[in-house]
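Everything in the sequence shown is counted per our numbering, starting at 100 for the first residue and increasing by one. All residues carry an ideal CB built from backbone N, CA and C; glycine is no exception. Please read these numbers as outputs of a predicted model, since none were measured by experiment. This report refers to the structure that appears directly beneath it.
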Amino acid sequence: MDVVTLDLAIFLVATFAAALVAGLAGFAFGLVAAAVWLHLLTPLQTASLIIAFGLIVQGVAVWKLRHALQWDRLWPFLLGGLIGVPVGVVVLAWANPDHMRAGVGALLILYSVHGLVRPATQPILAGGAPADAGVGLLNGILGGANGLAGILVTIWCGLRGWPKDVQRATFQPVGVAIFAMSAIALGVNGAIDAHTVRWFVVGLPILLAGTWLGLKLYGRVDEAGFRKIVLALLLASGVALIFSLRPSIAQAEEKFQKLTGAQIRARVAGMELSDDVHWRELYERRGKLTSSSMGRKRAGKWRIEKDQLCVELEKESPGCYDVWASGKKVRLQREGMLPLEGVIEAPTGRM
């Protein structure tokens, strides 16, 4: 089995697993999918597919549970989120996202462990719509600052003691709304290329199959079982958030330094940048760029502009990146996107 075929198989398995979990529990599609996809796809492709697939999964589930939709329950969360998302985007500009993720991860672990080891507690009935709006506000801030839309509302719905259909018919629409508002507030970064569309088309049937099976299993779960599933997934999400910090800490220890325009040119001109598995880019000295990703080759151009590396590939909008380096390791960073890291080396002839 070659690399492309193996990567495709892994992608489809991860897509099915994420859709199954989201269909069963109503959330965690992005957490499950991204844990695998980021090893196969670029951050932009991963984010684009999570948005597209996530909206389909959530849309199907919300339609199935439309009988439980109660707009009088939804509007406080949506109103709070509408105010909170822009605040979260502002927080994103100065807050340390790793610290925020660590705090949320610790909260999820403590809450879920407490809920799993103790029997169900008395539901919280006080506060009414103002309390729900307050939770929506905090949820919006968290979604705008870290993309973790829906986590706090999921916890709150469980504390309210609502039936499982009512819980899902609340936190799923709220999560979709917060995610959409966050995407609009942060802006669109880069274009969706034909390669991403192909991943979408290939994965769509598997996604629908996983969603269908997850919803079938959900129909067989009682209230107590659903509560345990949600708590277990929140625990897994908290652990995943804590472990996701380890690469960032390791990268900080490597003492990456930001390069100037002249340093970028000296570092990349005539060299190849790659992760040595899935993608490889050749920066020729006269500004020509050749990219190979998942067996697909594309031609383009590169240039230095205001101490940034700007690249333009066929059928894609130009993008400019800050360049950080530590020895042979190079990290390309662009606002609103996860960093892309690879190793710079002399041309290998494997393009």
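With respect to the alpha helix (DSSP H) encompassing residue i, which residues constitute its N-terminal and C-terminal limits?
i       : result
Arg-259 : 250–259
Gln-362 : 360–367
Leu-111 : 102–124
Gly-129 : 128–136
Following the continuous beta strand (DSSP E) through residue i, name the residue where it begins and the one where it ends.
i       : result
Gly-418 : 418–425
Leu-408 : 407–412
Leu-481 : The structure shown does not extend to residue 481, since the chain is modelled only from 100 through 450, so no value can be given for it.
Grab me the residues of residue i's own chain with a C-beta within less than 6 Å of its C-beta, minus the 5 sequence neighbours each way, in chain order.
i       : result
Asp-264 : Leu-164 and Ala-167
Gly-214 : Leu-330
Ile-403 : Gly-360, Ile-363 and Arg-364
Phe-325 : Lys-263
Leu-312 : Leu-119
Gly-204 : Gly-337, Leu-340 and Ile-341
Ala-108 : none
Leu-206 : none
Phe-270 : Gly-249, Val-252, Thr-253 and Cys-256
Met-280 : Val-184
Gly-302 : Thr-114
Val-216 : none
Gly-426 : none
Val-135 : Ala-113
Thr-104 : none
Arg-384 : Ala-368 and Gly-369
Arg-297 : none
From the DSSP output, read off the bridge partner residues of residue i.
i       : result
Gly-302 : DSSP, once it has assigned bridges, lists no residue as partnering Gly-302.
Lys-396 : Ser-391
Ile-443 : Leu-372
Tyr-317 : Paired residues: none, contrary to the question.
Leu-381 : Glu-371 and Thr-389
Glu-404 : Gln-407
Gln-356 : Ala-424
Pull up the CB-CB distance for residue i and residue j, whole angstroms please, since I reckon it's below 8 Å.
i       : j       : result
Val-156 : Thr-310 : 5 Å
Leu-306 : Thr-114 : 5 Å
Lys-405 : Leu-388 : Actually they are not in contact, since the Cβ atoms of Lys-405 and Leu-388 sit about 19 Å apart, beyond 8 Å.
Leu-381 : Val-422 : About 16 Å separates the two Cβ atoms, so there is no contact after all.
Gly-242 : Val-184 : 6 Å
Glu-118 : Phe-128 : First, the residue type needs correcting, since residue 118 is Ala and not Glu in the sequence shown. Indeed they touch by this definition, with Cβ atoms about 7 Å apart.
Ser-416 : Gly-337 : With a Cβ gap of about 36 Å, Ser-416 and Gly-337 do not count as contacting.
Gly-260 : Pro-222 : 2 Å
Skipping 5 residues on each side, what residues in its chain have a beta carbon closer than 7 Å to that of residue i?
i       : result
Arg-397 : Ser-390, Leu-412 and Glu-413
Pro-262 : Glu-322
Ile-182 : Leu-236 and Gly-239
Pro-438 : Arg-430, Leu-431 and Gln-432
Ala-276 : Leu-177 and Gly-180
Tyr-420 : Gln-407, Leu-408, Leu-431, Gln-432 and Arg-433
Ile-328 : Leu-123, Ala-124 and Val-320
Ile-208 : Leu-334, Gly-337 and Val-338
Phe-355 : Trp-423, Ala-424, Ser-425 and Arg-430
Leu-130 : Ser-336 and Ala-339
With a threshold of 8 Å on Cβ separation, who are the neighbours of residue i within its own chain once the five nearest residues in sequence on each side are excluded?
i       : result
Val-429 : Arg-366, Val-367, Leu-372, Val-422, Trp-423, Glu-440, Gly-441, Val-442 and Ile-443
Ala-151 : Phe-299
Ala-133 : Thr-145 and Ile-149
Pro-446 : Gly-369, Met-370, Glu-371 and Leu-381
Ala-460 : Not covered by the structure: residue 460. The range shown for the chain is 100 to 450.
Gly-158 : Val-275
What do you reckon, is the C-beta of residue i under 7 Å from a heavy atom of the ligand NAD?
i       : result
Gly-233 : Only the bare structure without any ligand can be found here, which leaves the ligand NAD out of the picture.
Discussion item. For the segment 373–391 against the segment 319–339, do three or more pairs of beta-carbon atoms, one drawn from each stretch, fall closer than 8 Å, so that the two count as touching?
Written reply: no
Fill in: Validate contact between the segment 120–130 and the segment 316–331 using beta carbons, cut 8 Å, 3 pairs
yes
Discussion item. Does the contact criterion of 3 or more C-beta pairs under 8 Å hold for the segment 227–240 versus the segment 168–176?
Written reply: yes
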